[in-house]
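See below for the structure under consideration.
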Amino acid sequence: MKYVAELKAKIREKLPELDVVIGWKQGFDPVHASPAFMTTPEEIEQLVVNPLCVQNLATYLPGLKGKKVGIVARECDTRSIGELLQESLIEREELTVFSVKCPGAVDLVKLRQQVGDLGRVRSISFDGPRVTVETPDESSSLDLGELLPGKCRVMAYDEPVLADFRFVDPDQDTVCREEADTDLVALEQMDLDERFAYWRGHLDRCIRCYACRNVCPMCVCQDQCIADTRDPHWLSAETDVRQKWMFQLIHAMHLAGRCTECGECERACPMDIPILTIRRKLNREIHELFGYTSGMDVDAVPPLLTFQPEEKSITEREW
Amino acid sequence: MVMGDLKFCPKEGLSRWVEELSREHTVLVPQQAGDAVEFLPFAEGSELSLDRQPTAPPKKSVFPQTETLMRFEYQKDPEHPDRQTLQIKETLPGKEKTVILGCRPCGARGFSVFDPVFGQGEYLDPYYQARREHTVFVSLACRHPENTCFCNWVGGGPADSAGSDVLMLPAGGGYVLRPVTDQGRQIVEVGGFEDASPEQQTEADRLAEEAAENLSPAPELEEVPDKLFELFENLDFWELMAAKCISCGACTYLCPTCYCFNISDEYSGLQGKRIRTWDNCMSNLFTHEASGHNPRPTKAQRLRNRVGHKFSYYPKLHEQVFACCGCGRCIKSCPMSVDIREIVLSAKEYADE
Amino acid sequence: MSPELSYAYYPGCSGLSTSKDYEISTRAVCRALGIKLQEIPDWSCCGSTPAHTVDHVFSAALSARNLSLAEQMGSDTVITPCPSCLTNLKVAAHRMEQEPAFQQEVNRHLQEPCVNTVQVKSVLQALIQDLGPEAIAKQVEKPLSGLKIAPYYGCIMNRPPEVMDFDDPENPVAMDEILRGLGAEVLPYPLKVECCGASYGVARKDVVMQLSGKLLDLADSLGADAIATACPLCQMNLDLRQDQINAALKRSFRLPVFYYTQLMGLAFGLEEKDLLLNKLNVPAGPALAKMQQAAEAAAEQDAQTKEQ
Amino acid sequence: MKIGVFVCHCGSNIAGTVDVAGVAQAAKNFPEVAFATDLLYSCSEPGQEAIVQAVQEHDLDGVVVAACTPRMHEPTFRRAVERAGLNRYMFEMANIREHCSWVGKDKDANTRKASDLVLQAVEKLRFDRPLQAKSFDINKRVLVVGGGVAGIQAALDCADGGLEVVLLEKTSTIGGKMAKLDKTFPTVDCSSCILGPKMVDVSMHPNITLYAYAELESVEGYVGNFEVSVKKKATYVDWDKCTGCGLCMEKCPSKKAYDAFNEGIAPTRAINIPFPQAIPKRAVIDPTYCRQFIKGKCGVCAKVCPTEAIDYEMQDSFVQEKVGAVITATGYDLFDYRKYGEYGGGRYPDVITSMQYERLLNASGPTGGHIQRPSDGREPKKVVFIQCVGSRDKSVDRPYCSGFCCMYTAKQTILTKDHIPDSQSYVFYMDIRAPGKMYDEFTRRAMEEYGAQYIRGRVSQVYPYKDSLIVRGVDTLLGSQVEIEADLVVLAVGAEASRGASELAEKLRISYDAYGFYMESHPKLRPVETNTAGVYLAGACQGSKDIPASVGQGSAAAAKVLALFSKDQLESDPQVALVSQARCVGCGKCVQTCPFGAIQLAEDRAGNPKAEVIETVCQGCGLCTVTCPQSAIQLQHFTDNQILAEVNALCQQAMEESFES
Amino acid sequence: MSAGNGRELRIVGFLCNWCSYGGADTAGVSRLGQPTDLRIIRLPCTGRMDPLFMFKALLSGADGVLVSGCHPRDCHYSEGNFYARRRLELAKRLLPTLGFDSGRFEYTWVSASEGKRWQQVVTAFTEQIHTLGPGPKFSH
């Protein structure tokens with residue numbers, strides 16, 4: 020991205036006022052970027068912004084409360100920041116948002132399905148919508164649009180929810196787009212038994228590593244999650260599907276009206292379980308019921324923390 | 011090694027062999043589920059997924075995520091309900107043989123870290139022993155090391171046979187089968203394969219060597235155990251290392267060598283069971299004390315434990331063997347791309363300064 | 008004018024015979040108001056009073072057939088001028104909605120099953136609810152000023168309320184509003200929904216003499232020039248039998264009994280061929296003449312005021 | 006833990022359809038149950054004694070009683086358990102009567118269900134912890150809402166008992182419905198003669214603060230410590246200056262104001278004192294009729310007022326009062342007689358309500374006690390009374406009997422005859438309900454001595470005909486239609502819940518029934534208590550009742566308050582929320598949702614924000630427990646673990662399935 | 024199929040103490056007969072009803088879950104049922120996505136005086152669950 024130089028300059032300028040600036044840097048191999056905690060000018064030099072920068076860095080913010088934090092954030096990431104502010108989980112004064120126009124994102128599962136084992140990729144480069152990938156065996160040219168994660172296909176963000184500094188390249192287009200939620204549609208086309216079997220099958224793979232939970236920017240219970248305790252004893256230590264399923268429902272319900280659909284839960288899942296679908300379904304229902312989209316308005320109250328004496332969209336059953 | 015031990019299994023003969031084995035044993039083979047590759051019981055029509063390193067290692071076949079240690083039931087005297095007796099039922103694993111086919115050498119090597127803990131010395135674990143004894147590993151040597159592979163750092167290699175019963179070496183459009191143990195030999199016999207030809211053997215060796223060469227060179231790690239020990243109190247260092255860690259258990263639960271566990275009782279009414287489940291030192295509750303004291307309240311301290319255990323405390327207890335097989339799963343499955351190699355090298359360099 | 012109103016239209020058998028004047032004036036008034044009436048093709052009798060006294064399923068099937076035909080027309084609302092037809096249609100629809108089993112039973116008699124999706128209304132209900140009294144008043148060319156009218160609704164147009172679901176069942180006002188809009192003086196007529204004796208006119212004429220007699224007596228005592236009605240049978244009992252009532256009760260009522268649609272037509276300035284006033288037994292002439300005089304007197308006074 | 010289970014027969018109430026001994030036998034095999042037995046009547050003295058003995062003999066730690074609803078006897082058994090030396094919260098009830106034996110027919114199914122319910126209670130009890138009540142100071146003042154006869158009685162009894170009373174009345178005078186009545190049945194003594202002195206007592210009593218023309222704006226707090234805001238509606242007359250001389254009313258040029266006290270049968274002045282005996286006797290301006298308000302000029306009353314009390318700029322004002330208990334005596338309203346179109350009420354002036362008739366009979370009424378037809382002032386000779394107008398009729402959603410109409414109608418026929426000796430009264434009735442002391446005798450007198458003609462049947466139509474009203478109805482005893490040419494028709498309108506009753510209930514957090522009458526705590530045993538501690542009921546707000554019953558309830562409610570205030574401190578219910586400091590992350594969601602402001606954010610020793618519950622303010626609803634994602638705040642006695650234990654007990658089959666794997 | 028006949032299914036009810044538990048008591052006192060499948064868990068308020076209890080029950084083998092509280096505006100604690108309505112409606116809408124018929128869960132309001140309504144609710148809900156049959160199970 021052309022704005023990266025400008026971005027680095029701005030971070031350098033602001034760094035003296037800040038304890039840390041969170042951004043991305045190159046990870047352990049060509050296809051992986053990794054969160055970077057920048058405290059020195061040298062570390063700023065390592066900053067990258069490209070479609071491999073997939074982590075939603077907002078997840079680190081509640082843990083850094085009390086510090087002056089700068090954060091490099093894409094438009095969708097600012098939605099999570101918005102929600103955190105809404106719930107007073109972070110302080111606006113402690114925060115400096117370096118908002119970057121999203122260059123698009125690569126779903127590594129989709130990339131792997133195209134080019135094979137990612138562990139063998141020698142290099143990857145981006146030129147607008149073209150992605151060029153080199154492996155020892157071949158060189159492939161791919162369309163970034165085809166590699167977008169599901170979350171970039173259901174909601175389009177042109178502008179950030181909030182920003183202190185904004186970085187956009189001239190003529191840069193919004194990559195994410197609003198299309199039908201194909202995962203959810205496919206699921207809803209199944210009959211009930213198939214859906215039950217679908218979840219039982221997928222969730223059976225879960226290893227209860229809780230990457231989905233720990234990567235979630237809205238999981239503010241931190242180390243006190245009820246999945247881990249015996250008081251209250253919501254889940255047993257067993258690893259049967261029932262416990263795993265129940266955990267997903269705990270997570271989804273605790274996120275209801277708060278989830279910003281950043282998709283980190285699903286991305287983090289090492290076992291590739293399509294858990295975002297449940298959260299999306301809830302978000303869709305919340306939108307229908309309360310006309311509410313989480314994180315978009317810093318002053319709004321999440322819908323399950325308030326009520327209307329007459330709920331216009333809830334039709335209660337007559338007996 | 012006796013030359014006549016080497017057999018050749020053509021690619022198309024593999025599934026026949028697996029089918030044959032599955033008549034007498036449970037055969038776990040890598041299969042795709044979602045986008046993950048898991049070890050699942052072979053059934054008719056199962057498709058083997060051998061091209062990728064399986065997402066999870068075969069650890070759970072010997073060390074299941076939930077092991078029922080015993081069942082119990084309170085029996086009440088109907089005349090005197092305040093008197094009850096406790097009946098305990100043993101739940102040792104059966105003696106049926108399980109074959110793991112298609113794991114990587116690093117996956118099988120993982121158990122060499124388990125053995126000193128569960129299978130040797132004063133305290134023997136009958137559950138582990140029973141499963142270990144009755145499980146046969148047929149490992150597939152690696153053809154193309156990945157960016158995350160570092161088995162050569164910890165004494166392994168693409169065709170390492172430690173922990174395996176049979177090694178499958180790709181060659182000539184099939185596999186040269188190299189039995190490592192007697193159990194392995196019996197398994198190979200079931201296939202009724204031809205002996206491997208010298209050309210096939212040569213090709214297999216050549217490919218294994220090539221693969222080894224493709225690994226990045228292993229650094230000298232001899233001083234690491236001591237240096238990590240020295241860094242124990244240096245929380246600044248660990249905070250820096252752990253900054254991006256989110257304390258999930260993906261690294262631990264996918265690790266072929268992590269063996270920490272927890273024991274709990276689960277009840278329903280008058281009956282219950284005592285279970286042993288995987289534990290995870292990244293979790294806040296790991297060795298959380300009943301008093302409320304937490305020995306590792308921060309993620310930095312927990313990450314220190316994970317790296318320290320693998321590269322310092324374990325080798326100091328067990329003949330300088332690292333509790334790591336270099337499979338790289340902790341790196342590639344980490345949502346935040348935390349790289350254990352980087353931490354080990356940083357520790358080494360930090361100490362150097 | 009509001010977007011065009013269009014209905015499936017059920018004239019009812021009496022509309023083709025005894026109450027032809029009601030039927031024709033209804034059509035004429037609707038035409039004048041821009042309401043489109045699409046007659047249900049091949050409609051059949053609703054079964055009137057006899058059918059449902061014999062067999063409820065059969066009676067409902069007669070109505071359901073007509074409803075089904077209306078459904079096939081693609082219409083969402085059927086209107087009818089006749090309260091008796093209205094009752095049969097609505098009772099059938101109501102019961103089929105309440106009892107799916109009954110609907111199945113009824114549909115067994117029909118070639119095309121009745122899905123029961125169309126709404127049934129009286130013409131009066133459509134006029135007052137869909138068009139509104141203002142729109143009707145706007146159409147008035149010759150106001151019925153000076154004409155004192157007793158509005159008489161009959162006993163079944165609004166009852167039972169849970170089925171008919173229109174207007175106040177004890178004190179309906181829909182017709183009052185329309186007539187007032189025509190310029191007439193609408194009298195507070197307390198017996199608006201009392202029974203006229205209905206079809207007892209055949210079996211027990213004495214009952215009709217008593218009941219209809221009371222209706223006429225009250226209207227007369229209130230100083231009414233005429234009675235307005237919305238029901239063919241009521242109209243027949245009050246108008247056709249007025250001479251018999253006079254004879255039986257030794258009275259001398261001369262109260263013309265209009266259909267309210269005839270009065271609308273008069274006010275709209277429609278021609279006799281659309282009103283068939285000559286079909287009335289008690290002639291309308293004197294009442295209309297009185298109105299005429301009143302109108303002339305008013306015009307004169309108006310002119311005088313202007314001069315001054 | 007050692008648990009004792011006691012399964013009650015409740016005579017045959019439970020034992021008739023549940024195998025009680027079988028349930029006790031089954032309970033012996035439940036976890037931690039060390040003793041189980043069945044008892045004939047567990048709530049009786051020997052039943053309770055058996056429980057106490059078993060606790061001591063078997064060294065029990067907790068008790069489950071399977072019997073009736075805990076809403077009935079939970080306090081009884083808690084006391085018993087406490088007598089046995091246990092903490093009163095180491096107790097659970099299984100409702101095997103209302104929820105089981107009384108609603109299921111199949112004995113086997115009922116027995117299985119009862120067993121499940123006992124298991125559920127046992128599993129919950131295993132997580133019960135001893136809870137200690139906190140004592141708190143109380144404010145020994147009482148608020149009485151409503152100044153009708155029930156409220157007056159309650160206020161006087163409380164005040165005589167030494168309590169400070171705040172009495173609230175929404176109209177400008179106390180007295181309520183009774184003040185409007187002419188005479189009372191069955192004694193036919195003058196209503197204002199017996200009520201008047203009580204009203205004066207209220208105004209003179211040093212312990213009573215009266216707010217007339219005032220409403221309850223809001224209520225905060227809880228038993229012992231309510232804080233109420235009283236809205237004093239603008240009267241436009243400074244009552245401190247007003248002497249009630251009535252000069253303003255005499256001179257007021259706006260003479261068409263609606264006279265609510267006289268039920269609208271005649272107009273009154275825009276500034277008025279409702280009746281001569283009003284307490285307080287103070288004038289109020291009705292701005293909807295006052296020329297000063299409508300036209301912006303007039304000012305006659307201000308000019309004539311000798312004390313310069315008129316204040317056209319007056320605004321509503323609010324007073325805060327602190328009280329420890331509330332007595333609701335808001336009375337009733339009359340059924341809207343226009344709902345029966347066939348009677349013509351509201352359309353025909355000579356069809357009036359019974360209360361309007363009371364005002365016509367009353368010597369202080371607009372006609373000076375002369376019965377006159379509203380239409381033409383003529384004295385009626387034939388009066389038809391129609392009973393059950395808005396009573397016992399499902400079609401107008403009033404299926405209940407208002408209870409007093411039969412009696413007052415009889416009274417009114419007697420008074421009619423007294424006033425107009427050559428008159429004839431007719432009464433259309435459904436049944437005569439006269440179950441009170443001297444009541445039936447009284448209706449007999451109306452018929453036999455005063456010649457009222459009672460016709461058993463309903464009226465189908467009332468309509469004016471020439472100078473009279475034709476009442477057409479049916480005489481079901483004769484089996485024929487009747488038609489009466491009446492001069493006046495009086496509709497015996499029934500009682501319905503006071504308008505605004507539901508809004509007040511919401512403020513007081515008490516329940517009301519489908520008709521808006523307030524729910525008592527128990528229909529027989531706690532008739533003046535509500536389910537909200539510290540809030541009591543008196544009079545017709547709880548259900549239609551006549552004067553003696555209302556007065557009785559007023560006294561009863563006062564006695565309850567006096568008993569409540571006999572101690573200096575109350576104990577708070579310890580079933581409140583408790584924060585686990587270790588688990589709380591200080592996100593404040595509980596603070597945000599608590600309806601009572603019972604949670605605040607404090608800091609722990611390390612300076613981290615932590616939620617903190619103010620125990621005496623917490624009402625124990627548990628909303629916070631669900632709001633807290635990490636379940637760090639738990640409603641004690643209804644903890645997650647307890648409810649999960651109950652769920653698990655009920656879904657045990659599925660749990661056991663998982664053990665088979 | 025009528026709920027009274029045949030095998031019982033497992034229906035778990037969560038009732039608020041002040042209204043619906045009282046309503047069920049009123050039904051009992053009036054001897055209003057009901058199917059026997061339902062087992063009631065008493066809560067202080069529907070505000071205490073964590074929708075997760077419902078999921079927990081369904082995943083643990085319950086065939087139906089019924090929640091009942093005070094009518095909106097009549098909550099003993101003023102607002103509990105308002106929050107509950109949002110939470111429960113949302114949870115109900117999630118059920119089909121998980122493979123559970125949304126008819127396996129209902130929430131409603133029954134006051135302490137509405138014994139008749141309680142009888143109606145229990146009867147209709149029990150019949151509904153019997154029509155749906157046993158819930159999906161994790162049989163191995």
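Chains as they are written, first to last, in this note's numbering: chain S, 20 to 338; chain Y, 11 to 363; chain V, 8 to 315; chain X, 6 to 666; chain U, 24 to 163. Ideal Cβ positions, reconstructed from N, Cα and C, are used throughout, including at glycine.
- In this structure, DSSP gives Tyr-229 of chain S a state outside helix and strand, which the three-state scheme calls coil.
- Cβ contact annotation for Pro-135 of chain X (same chain, cutoff 7 angstroms, sequence separation greater than five): Asn-92, Tyr-94, Met-95, in chain order.
- Distance check between Cys-53 of chain V and each of V:Leu-247, V:Ala-233, V:Ala-71, V:Glu-78 places V:Ala-71 closest, using alpha-carbon atoms only.
- Boundaries around Pro-208 of chain Y are those of the alpha helix (DSSP H), 208-224, since no beta strand (DSSP E) includes it.
- Look at the stretch 105-140 of chain S and you find these whole runs of beta strand (DSSP E), each 3 residues long or longer: 114-119.
- For Pro-40 of chain Y, the enclosing beta strand (DSSP E) has its first and last residue at 36-43.
- Its Cα nearest to that of Pro-179 of chain V, the residue X:Gly-346 stands out among X:Cys-410, X:Gly-346, X:Ile-270.
- With respect to the C-alpha of Glu-137 of chain U, the residue from U:Gly-122, U:Leu-75, U:Ser-43, U:Asp-73 having the closest C-alpha is U:Ser-43.
- Approximately 7 angstroms separates the beta-carbon atoms of Met-412 of chain X and Pro-191 of chain X; this is inside 8 angstroms, confirming the contact.
- In this structure the stretch 209-217 of chain S touches the stretch 113-122 of chain U; the number of beta carbon pairs closer than 8 angstroms is three or more.
- A contact between stretches requires three or more CB pairs, one per stretch, nearer than 8 angstroms, and the stretch 145-160 of chain U meets this requirement with the stretch 77-88 of chain U.
- Not flagged as an interface residue toward chain Y: Gln-635 of chain X, since no C-beta distance is shorter than 8 angstroms.
- The shortest C-alpha to C-alpha distance from Val-127 of chain Y to any of Y:Glu-54, Y:Gly-194, Y:Gly-55, Y:Phe-73 is the one to Y:Phe-73.
- For Glu-304 of chain S, the nearest beta carbon of chain U is closer than 8 angstroms to its own beta carbon.
- Here the alpha carbon of Gly-302 of chain Y sits roughly 22 angstroms from the alpha carbon of Gly-259 of chain Y.
- Thr-76 of chain Y sits in a strand when the DSSP states are folded into three classes.
- Beyond the five residues adjoining it in sequence on each side, Cys-105 of chain X comes within less than 6 angstroms, by CB distance, of Asn-115, Lys-118, Ala-119 in the same chain, given in chain order.
- Boundaries for Pro-180 of chain Y: no alpha helix (DSSP H) harbours it, while the beta strand (DSSP E) harbouring it runs 176-181, taken from the DSSP string.
- Between the beta-carbon of Ile-135 of chain V and that of Ala-231 of chain V there is about 22 angstroms, and that puts the pair past the 8 angstroms contact cut.
- Taking C-beta separations shorter than 6 angstroms and ignoring five residues to either side along the sequence, the partners of Val-73 of chain S in its chain run Ala-124, following chain order.
- Checking the DSSP bridge columns, you'll see Asp-146 of chain S partnered with S:Arg-149.
- Assigned with DSSP and collapsed to three states, Asp-423 of chain X falls in helix.
- With respect to chain S, the C-beta atom of Gly-505 of chain X has no partner C-beta closer than 8 angstroms.
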